[in-house]
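**Q** Using the numbering used here, you'd call the opening residue of the sequence shown number 7 and step up by one each time.
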Amino acid sequence: MVENEKIPNKLVLSNDGYEINIITGVPYKIFNEGKYIDDSGGSHGSRPCLSPDNYPPDHTFYSRQLWFIKETSSPRGYKMIVNGNYIDSWGGGRDAKLHLSSFENTPENPNYSRQIWSFYSKTDPKEFQIKNLSNDRFLGTSSRGEVSYVYFQNRSKNTTYIPALIWKFIPAFDYKLNAVVENFEYKLSSNIKRQQMEKTIHEDILNNLSSSSKLITTFNLQEGLTNTFKFSFNESLDFISETKLITVIPFKDIEKEFNFKYSFEANKQSKTMEKELYTVTKTVEVSPKSCVKVTDYCDFMVNVEIPFEATAEITAICDRYKKNGTIVKNAEADADAVKLFLKENNFRGKIIKSERTSILAKVNGTFRGSYVLKTYRKLEDIVLTVPKVPENTVCREHLDTE
């Protein structure tokens, strides 16, 4: 075993094979009727107690209440660990107290089953009965006056509603979800092109009527045009901390990346505006005794609205345990952890695949925008009815770009 490796995040399976709402390799507090299982600062052979105190992260005793679950080779069997010590039945039966062992029993060890635990869940996916493989008994609190320790109770499985046998795992970690949304498929309709308009950027009139020589003029034009892009999603992504969108803008054939440092509420638009500087450098020749009008245009999409389907790759960071029992803060979580976090946030997108550390899901929404598609120039001969102007003079007129 490589001590520096992180313990995998796997959804815990109940005794009957169903995924329940806890994962391996992250810290939990184990709670029953107002009390938390606490290792009492003990080590090998000591007995965990039940404490009414819920110690905060800055408290000296905080780590005494942090437990994590580890998968084993035993089908649907798990180990529970606190500060490097394993919960152990210690060979006890009914009314025996729970113990801690500083040694991890391997499958070859005759006492291996003393550290193997299974979870039973019937009513609430966040509340469980915990049963030991060795003595086939459930963990419970004492009903005989001594309530400071954890005891072994009945073998019966029909004890779901006995409060003393019901344990809740309370997450003792924060997490943050991020998403990269790409592979946009836009649903184009026949009338979308009608929202395209031609917009005049700039005009020049080159008057060479009074000259018998060719007029050669070079233009250096810079014009700032504003593009507006809006995105909304049908599914709520309000639990996502940061969202990156990577998409080819419709009809523009240019891939853009948008970074949003906030979440998306369902059907609520997020807008980004950018001012794009267009530079035109061109030489125009005007024949003798002629006048040319030079016009720079752009094709502009106006208030286009296009539904889309895209793929979101969702990742998470959270506190994770290493195999040596230390906690790694803000570590990348495995896919099962991401899946659980999405479930807890009522994610409505369609999950299509699990990668090692991410979940891929289909999301739907709407793109809206007003933006430049392309710029171009037109030259046309004109007849001036105004008085002559001095030779080789350029008359320039800037038109409103709005």
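Heads up, the beta-carbon is just placed ideally off N, CA and C, and yes, glycines get one too.
#1: List the endpoints of the continuous beta strand (DSSP E) containing residue 353.
#2: Kindly provide the ranges of any beta strand (DSSP E) runs that are 3 or more residues long and lie completely inside the segment 252–332, ordered along the chain.
#3: May I have the straight-line CA-CA distance separating residue 2 from residue 143, to the nearest angstrom?
#4: From the DSSP output, in three-state form, read off residue 407 for me.
#5: Would you decide whether residue 371 is buried or exposed? Buried here means 16 or more other CB atoms lie within 10 Å of its CB.
#6: What does the Cβ neighbour count give for residue 31, buried or exposed, with the cut at 16 atoms within 10 Å?
#7: Looking only at C-alpha atoms, which of 374, 145 and 301 sits nearest to residue 210?
#8: Please list the terminal residues of the continuous beta strand (DSSP E) segment that includes residue 383.
#9: Along the beta strand (DSSP E) that carries residue 123, what are the first and last residues, could you check?
#10: Just to confirm, are residue 325 and residue 334 a CB contact at a threshold of 8 Å?
#11: Terminal residues of the continuous beta strand (DSSP E) containing residue 13?
#12: For the segment 192–235, which segments carrying the beta strand (DSSP E) assignment without a break, of at least 3 residues, lie completely within its bounds, in sequence order?
#13: Ignore the nearest five residues each way along the sequence and tell me which others in residue 16's own chain have a CB closer than 7 Å to its CB.
#14: Using a Cβ-Cβ distance cut-off of 8 Å, determine whether residue 34 contacts chain C.
#15: For residue 146 and residue 96, I'd like the C-alpha separation in whole angstroms.
#16: Look at the alpha carbon of residue 194 and the alpha carbon of residue 241, and state the distance between them as a whole number of angstroms.
#17: Between the C-alpha atoms of residue 352 and residue 316, what's the straight-line distance to the nearest angstrom?
#18: How far does the beta strand (DSSP E) with residue 434 in it extend, from its first residue to its last?
**A** By the coordinates alone:
#1: Locating residue 353 in the sequence shown gives position 347, where the first residue counts as 1. Here residue 353 belongs to no beta strand (DSSP E), and DSSP marks it neither H nor E.
#2: The segment 252–332 contains these whole beta strand (DSSP E) runs: 261–266, 276–292 and 296–327.
#3: Any question about residue 2 goes unanswered here, given that the chain covers just 7 to 408.
#4: In the sequence shown, the residue the question calls residue 407 occupies position 401. Bear in mind that the predicted position of residue 407 carries a pLDDT of just 39, short of 50, making it unreliable; the figure below should be weighed with that in mind. For residue 407, the secondary structure class from DSSP, reduced to helix, strand or coil, is coil.
#5: Position 365 of the sequence shown holds residue 371. Burial call: buried.
#6: Against the sequence shown, residue 31 aligns to sequence position 25. Residue environment: residue 31 is assigned as buried (16 or more neighbouring CB atoms within 10 Å of its CB, all protein chains considered).
#7: The count along the sequence shown starts at 1 and reaches residue 210 at position 204. Looking at the Cα atoms, 301 is the closest of the given residues.
#8: Translated into positions along the sequence shown, residue 383 becomes position 377. In the DSSP annotation of this structure, the continuous segment of the beta strand (DSSP E) that includes residue 383 starts and ends at 365–387.
#9: Locating residue 123 in the sequence shown gives position 117, counting from the first residue. Run containing residue 123: 123–126, per the beta strand (DSSP E) assignment.
#10: Locating residue 325 in the sequence shown gives position 319, counting from the first residue. Locating residue 334 in the sequence shown gives position 328, counting from the first residue. Yes, they are a contact pair.
#11: On the sequence shown, residue 13 is found 7 positions in, with the first residue counted as 1. In the DSSP assignment, residue 13 falls outside any beta strand (DSSP E), carrying neither H nor E.
#12: Here the runs fully enclosed are 202–214.
#13: The residue given as residue 16 occupies position 10 in the sequence shown. The residues are 29, 30, 77 and 342.
#14: Looking for chain C here will not work: only one protein chain is present.
#15: For this step, residue 146 is matched to residue 140 along the sequence shown. For this step, residue 96 is matched to residue 90 along the sequence shown. Cα to Cα, residue 146 sits roughly 16 Å from residue 96.
#16: The residue labelled residue 194 in the question sits at position 188 within the sequence shown. The residue labelled residue 241 in the question sits at position 235 within the sequence shown. Looking at the two C-alpha atoms, the distance is approximately 21 Å.
#17: Position 346 of the sequence shown, counted from the start, is the residue given in the question as residue 352. Position 310 of the sequence shown, counted from the start, is the residue given in the question as residue 316. Just so you know, the alpha carbons of residue 352 and residue 316 end up roughly 19 Å apart.
#18: Here the chain covers residues 7 to 408 and nothing more, so residue 434 does not appear.
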